[in-house]
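Just remember that the working numbering sits 5 ahead of the position in the sequence shown, which is counted from 1. The beta carbon of each residue, even a glycine, is placed where N, CA and C say it ideally should be. Read through the structure below, which is laid out as structure tokens, and then see the notes.
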Amino acid sequence: MTATVSGEALAARLAFGPPDRELLRQILSTQQPDEIETIRRAAEQTLLENHGDAVRLRGLIEFSNRCSSDCRYCGIRRSNRQLDRYTLTLGEIVEAASWCAQRGYGSIVLQAGERRDAKFTRLVSAAVRAIKAATESPTLPRGVGITLCVGEQSADTYAEWFAAGAHRYLLRMETSSPELFAALHPPSQTWSSRLQCLKSLKTLGYRVGTGVMIGLPGQSLDDLVDDLIFFRDIGADMIGMGPYIAHEHAVLPGGAAIPDGATRLQLALRMIAAARLLLPRINIAATTALQTLAPDGREQGLRFGANVIMPQATPNRVRRLYTLYDGKPCLDDSAKQYAACLETRISSVGRRIISNDWGDPAKH
Ligand code: 5AD
Numbered sequence: 006m007t008a009t010v011s012g013e014a015l016a017a018r019l020a021f022g023p024p025d026r027e028l029l030r031q032i033l034s035t036q037q038p039d040e041i042e043t044i045r046r047a048a049e050q051t052l053l054e055n056h057g058d059a060v061r062l063r064g065l066i067e068f069s070n071r072c073s074s075d076c077r078y079c080g081i082r083r084s085n086r087q088l089d090r091y092t093l094t095l096g097e098i099v100e101a102a103s104w105c106a107q108r109g110y111g112s113i114v115l116q117a118g119e120r121r122d123a124k125f126t127r128l129v130s131a132a133v134r135a136i137k138a139a140t141e142s143p144t145l146p147r148g149v150g151i152t153l154c155v156g157e158q159s160a161d162t163y164a165e166w167f168a169a170g171a172h173r174y175l176l177r178m179e180t181s182s183p184e185l186f187a188a189l190h191p192p193s194q195t196w197s198s199r200l201q202c203l204k205s206l207k208t209l210g211y212r213v214g215t216g217v218m219i220g221l222p223g224q225s226l227d228d229l230v231d232d233l234i235f236f237r238d239i240g241a242d243m244i245g246m247g248p249y250i251a252h253e254h255a256v257l258p259g260g261a262a263i264p265d266g267a268t269r270l271q272l273a274l275r276m277i278a279a280a281r282l283l284l285p286r287i288n289i290a291a292t293t294a295l296q297t298l299a300p301d302g303r304e305q306g307l308r309f310g311a312n313v314i315m316p317q318a319t320p321n322r323v324r325r326l327y328t329l330y331d332g333k334p335c336l337d338d339s340a341k342q343y344a345a346c347l348e349t350r351i352s353s354v355g356r357r358i359i360s361n362d363w364g365d366p367a368k369h
């Protein structure tokens with residue numbers, strides 16, 4: 006059968022070493038089921054060799070939906086007036102983080118809309134310090150690992166938060182294409198400023214995560230290949246990427262302007278596999294957006310080479326208000342239900358949760 010022959014030829018090329026541009030393009034574009042399975046298996050094999058079967062958890066605390074940015078794709082953009090805005094108190098943030106630590110999540114992500122005012126930057130510093138103090142224990146002598154995901158900030162602010170005890174930062178590039186970036190954002194938000202932030206985070210010593218949205222209006226396969234090369238060249242320690250999903254009160258369209266849901270999910274899974282093959286040692290997240298397009302989207306992400314999951318740990322009271330895109334799953338589950346369902350989901354794909362560990366990859 007020719008299909009099997011093409012699968013075998015592809016397997017041989019994938020085993021040869023990190024994929025070049027041409028192979029990355031083939032990984033993203035093939036429509037042959039046997040080739041897709043060959044790609045998935047190669048990515049899973051690379052994952053198991055480099056990380057074993059461990060899945061690392063980061064409890065996700067979305068502590069504020071106030072935002073001074075106006076990203077055209079995002080549901081919490083500043084100019085969306087049809088949204089109640091909230092910011093958790095310091096006590097609520099620490100409580101959510103302590104809950105994560107008690108459940109054995111060795112790491113958390115503090116995520117919020119982007120703000121640069123002193124009230125906000127001080128809240129983040131205070132939260133990092135208080136969480137460290139509250140979660141120190143014999144199993145976690147330095148408290149939970151803290152990742153911040155609060156957008157573009159000055160180098161001084163990044164330095165202040167690093168000194169407070171945050172050691173990882175997640176800042177998605179959104180796209181490595183300057184033209185596409187410009188189409189996604191207002192003129193005040195620039196591609197070069199985003200890049201500069203990633204560089205200063207690296208220089209300061211953060212473990213840096215970045216990522217892109219997949220299936221954006223106007224995005225080509227070559228743009229996605231460029232994104233993968235960008236991840237390598239910037240020295241990313243972690244990648245969090247997922248399909249683009251339109252939001253009813255955002256400006257950027259969905260519908261006919263983007264590939265259908267099944268195509269975007271497939272493309273996102275292929276991007277995970279390609280990133281794993283290109284960068285075997287880094288952490289790669291199976292993101293919530295995958296689950297929006299298919300109930301088992303995140304498990305599929307794990308099967309295609311991801312090794313990080315960010316369980317929802319935002320208090321129920323405000324969870325509905327942090328809707329970056331339509332159809333976000335698990336909005337009603339209590340955090341406890343969510344954690345139980347997660348364990349079952351992870352073991353259903355033959356993987357196991359690593360508890361009480363920061364879960365950083367070795368320096369590369
Ligand atoms: N679809 C998918 N992902 C989105 N994000 C924001 N809006 C959307 C959307 N409509 C992602 C961005 C951002 C992260 C916090 O959420 O990539 O960096």
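Check                                                                                                                        : Outcome
The ligand 5AD heavy atom lying under 6 Å from the CB of residue 252                                                         : yes
Residue burial classification, residue 17 (beta-carbon count within 10 angstroms, cutoff 16)                                 : exposed
Runs of alpha helix (DSSP H) wholly within the segment 265-312 (minimum 4 residues, chain order)                             : 266-283, 293-298, 302-308
Inter-stretch contact (C-beta, 8 Å, three-pair minimum) for the segment 108-115 and the segment 51-70                        : yes
Residue from 232, 297, 262, 99 whose Cα sits closest to the Cα of residue 277                                                : 232
Closest residue to residue 308 among 330, 324, 326, 271 (Cα-Cα distance)                                                     : 271
Between the CA atoms of residue 241 and residue 199 - distance to the nearest angstrom                                       : 14 Å
Delimiting residues of the beta strand (DSSP E) encompassing residue 116                                                     : 112-117
Rounded straight-line distance, which links the Cα of residue 175 to that of residue 290                                     : 11 Å
Per-residue DSSP class, three states only, for residue 163                                                                   : helix
Any 3 or more C-beta pairs closer than 8 Å across the segment 211-224 and the segment 237-253                                : yes
Where the beta strand (DSSP E) containing residue 67 begins and where it ends                                                : 59-69
First through last residue of the beta strand (DSSP E) which encompasses residue 213                                         : 212-215
Per DSSP, cross-strand counterpart(s) of residue 357                                                                         : 59
Beta-bridge pairing of residue 78 - partner residues as DSSP gives them                                                      : Per DSSP, none; premise fails for residue 78.
Bridge-paired residues (DSSP) for residue 334                                                                                : Partner(s): none; residue 334 has no beta bridge.
C-alpha gap between residue 284 and residue 54, whole angstroms                                                              : 13 Å
Which listed residue (267, 159, 221, 227) has its alpha carbon closest to that of residue 257                                : 221
Residue environment, residue 321, which counts as buried when at least 16 other CB atoms sit within 10 Å                     : exposed
Sufficient close CB pairs (3 or more, under 8 Å) joining the segment 349-368 to the segment 291-310                          : yes
Heavy atom of the ligand 5AD within 6 Å of residue 243 beta-carbon                                                           : no
Residue 7 classed as buried or exposed, judged by whether at least 16 other C-beta atoms fall within 10 angstroms            : Unreliable positioning characterises residue 7 in this predicted model, as indicated by a pLDDT of 44, which lies under 50. A coordinate reading is not provided.
Touch test, the segment 160-171 against the segment 122-135, Cβ-Cβ under 8 Å, three pairs minimum                            : yes
Cutoff 8 Å; reference residue 350; Cβ partners in own chain excluding five residues on either side                           : 301, 303, 304
Best match in 279, 151, 202 for proximity to residue 178 [C-alpha to C-alpha]                                                : 202
Residues of its chain near residue 119, where Cβ-Cβ distance is below 7 Å and the 5 sequence neighbours each way are ignored : 72, 73, 74, 155, 156, 157
Integer-rounded CB distance, given that residue 115 should sit under 8 Å from residue 68                                     : 6 Å
Three-state secondary structure assigned by DSSP to residue 258                                                              : coil
Residue 316 to residue 103 span [Cα, whole Å]                                                                                : 14 Å
Reference residue 331, options 89, 250, 267, 207, closest by Cα                                                              : 250
Rounded straight-line distance, which links the Cα of residue 45 to that of residue 191                                      : 37 Å
Assumed close pair residue 255, residue 80 - CB separation to whole angstroms, cut-off 8 Å                                   : 6 Å
Residue 329 Cβ short of 6 Å to the ligand 5AD heavy atom set                                                                 : yes
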